[in-house]
Amino acid sequence: MGRSTLFESDQIETLVAKGRQGHWAPLARAVTVVENSPPWEVSIPRAPRPCHIVGITGPPGAGKSTLTGRLIESFVDDGQRVAVLAIDPSSPLSGGAVLGDRVRMETYLTGRPGVFVRSLASRGSHGAVAGSTRNIARLLELSGLFDIVLIETVGAGQTEVAIVEVADTVLLVTVPGLGDAVQTIKAGLMEVADAFIVNMADRPGAAETARHLRLAAGRVDAVYKTVAIEGTGVDQVRDGMYARWRFLLEEGQLEARRLEKWGSDAALVAEAWVADTAGAIALDPHATMQDSVDQILKEASRRWNR
Amino acid sequence: MTSASASLPPLKVVIAKPGLDGHDRGAKVVARALRDSGMEVVYTGIYQSPESILRAVVQEDADVLGLSSLSGAHLEYARDLCALLKENDRQDVLFVVGGTIPPEDAETLKGYGVHEVFGPGTPTAELVEYISSNARQARLA
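If you're matching them up, the sequences are chains A and B in order. In this text, residue positions in the first sequence follow my numbering: the first is 2, and each later residue adds one. In this text, residue positions in the second sequence follow my numbering: the first is 8, and each later residue adds one.
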């Protein structure tokens, strides 16, 4: 064992050819392989052409799935090829999960056979995305079958910022009435968003929420107001994403952003590798913490050099 | 082997409700029981067509398809789904049907390619046991 390339170029060619015909089974199987492999054993070649990876995050019940469904509709009907990764939490007790994001999206999939939607369980990852999300997004990008990949995170509060490691653009979906203006200047998720969406904007307080967000967030591109269930305001979000993508492509902005994430990405994979080793060896509970850490790192290095 | 690769990944199950049948308490009870036994359950929601259920099975790369039917239309939907699964090279999925299925229909369903049928009052433990011990076999066969 050790470093392994999971996909030969002919496998990629097959799944791309099948995908072009609307046969998603080979791509879906490839996603499973990536999902079930430890991230340090996954090696995905760089895509010749990038696609826009958009993270959709925000608190549970804010309407992320419904909005994602509407964005599928809006993008596809405008000629874009769309893939969706929808992440829901795994049980900390059983490891199982109920993945319910398709419920809100099904309506928008009928008659749009080019859309690929995959539900993922978070599997013990704490950042509101699954540990395999980045590699799966890169596989989708490599296939060349999509112009845009939407990643819907687990319902996220203030500190689940891992989506920013994966996405080129982070949309933070919120709703009116979730708190006063102080909430909008707190550190965390608010800071990493590239644009805000005030969903359920037909509810009282929407204008005020949008105003607070505009005042608080100097660096974001835009604050959108949507009523996802009716489709109101969704095309504006779509057009904003086109503008954002042009901005990212101009003058190497995308390249710079992705390079910036590379180190932290590698650190996350290494961390997972160390954690995996730590779980597999018996540690002496009476040793000092330093000795135990040494033991873990030695064991990890030994395995890596096998 | 590392600990992460030593254990099998969770089974992925699609639970679907076809047609004009809005009663999904049973489907949700089953989804939760499977979740509690460590499976990853994709719930599609109510009013699904055979085509949308097939799409979920294929895109989710499911190991198991559970069809919940309380409307009496189980024969038509199961037959259509078996044909679609075959056309799309996914007859390796373990296909189970649950709900108000008359005992005399169970054999017909199995004739179409359904692996097992679970009637009203089936303990969830029995369902979990059946899926756990048969799903990988169906996939590898």
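For each residue, glycine too, the CB sits at the ideal point set by N, CA and C.
Q) When you compare only the Cα positions, how much space is there between Leu-250/A and Phe-117/A? A) 24 Å
Q: Go through its chain and collect everything with a Cβ distance to Val-32/A's Cβ below 7 Å, but skip five positions before and after it.
A: Arg-119, Ile-137 and Leu-140
Q. With distances taken from CA atoms, which of Ala-271/A, Phe-8/A and Leu-216/A is nearest Pro-46/A?
A. Phe-8/A
Q) CB Ile-149/A to CB Gln-237/A, shorter than 8 Å? A) Between Ile-149/A and Gln-237/A, the CB-CB gap reaches or exceeds 8 Å.
Q. Skipping 5 residues on each side, what residues in its chain have a beta carbon closer than 8 Å to that of Thr-51/B?
A. Val-21, Ile-22, Ala-23, Lys-24, Ser-59, Ile-60 and Ala-63
(Q) What does the Cβ neighbour count give for Asp-203/A, buried or exposed, with the cut at 16 atoms within 10 Å? (A) exposed
Q. Alpha carbon to alpha carbon, how far is Ala-13/B from Ala-279/A?
A. Unreliable placement is indicated for Ala-13/B, whose pLDDT of 44 sits below 50; no coordinate value is reported for it.
Q: Could you tell me if Glu-36/A is buried or exposed, where buried requires 16 or more neighbouring beta carbons within 10 angstroms of its beta carbon?
A: Only buried fits Glu-36/A, as 16 or more other CB atoms lie within 10 angstroms of its CB.
Q) What number of angstroms, rounded off, separates the C-alpha of Ser-44/A from the C-alpha of Gly-97/A? A) 27 Å
**Q.** Straight-line Cα distance separating Val-77/A from Ser-66/A
**A.** 16 Å
**Q.** Within the stretch 50–115 of chain A, ranges of the alpha helix (DSSP H) (whole runs, at least 4 residues)
**A.** 65–78 and 102–110
(Q) So, with DSSP's three-state summary, where would you put Ile-164/A? (A) helix
Q. The alpha helix (DSSP H) with Val-49/B in it runs from where to where?
A. Counting along the chain, Val-49/B falls outside any alpha helix (DSSP H), though it belongs to the beta strand (DSSP E) covering 47–50.
Q. Do Arg-146/B and Asp-99/B have their CB atoms nearer than 8 Å?
A. yes
Q | Three or more C-beta pairs below 8 Å linking the stretch 47–60 of chain A and the stretch 161–174 of chain A | A | yes
Q: For the beta strand (DSSP E) holding Ile-22/B, just list the boundary residues, first then last.
A: Segment 19–23, the beta strand (DSSP E) holding Ile-22/B.
Q: Could you name the residues of the same chain whose beta carbon sits closer than 6 Å to that of Ile-138/B, not counting the 5 residues immediately before and after it, in chain order?
A: Val-71
Q: Would you identify the three-state DSSP class for Ala-196/A, choosing helix, strand or coil?
A: strand
Q.
Which residues of the stretch 16–40 of chain A have a Cβ closer than 8 Å to any Cβ of chain B? Give them in chain order.
A. His-24, Trp-25, Ala-26, Ala-29, Arg-30, Val-32, Thr-33, Glu-36, Asn-37, Ser-38 and Pro-39
Q | Leu-134/B burial status per 10 Å Cβ neighbour count (16 or more: buried) | A | Leu-134/B comes out buried.
Q. According to the Cβ coordinates, are Tyr-84/B and Gly-26/B closer than 8 Å?
A. Taking C-beta atoms as the reference points, Tyr-84/B and Gly-26/B count as a pair closer than 8 Å.
Q.
On a Cα-Cα basis, can you pick out the residue from Arg-30/A, Ala-267/A and Glu-107/A that is closest to Gly-132/A?
A. Ala-267/A
Q) What do you get for His-287/A, buried or exposed, if any count of 16 or more other CB atoms within 10 angstroms of its CB means buried? A) Taking all protein chains in view, the Cβ of His-287/A is surrounded by fewer than 16 other Cβ atoms within 10 Å, so the residue is classified as exposed.
Q.
Please report the straight-line C-alpha distance between Ser-78/B and Phe-125/B, rounded to a whole angstrom.
A. Roughly 15 Å separates the two Cα atoms.
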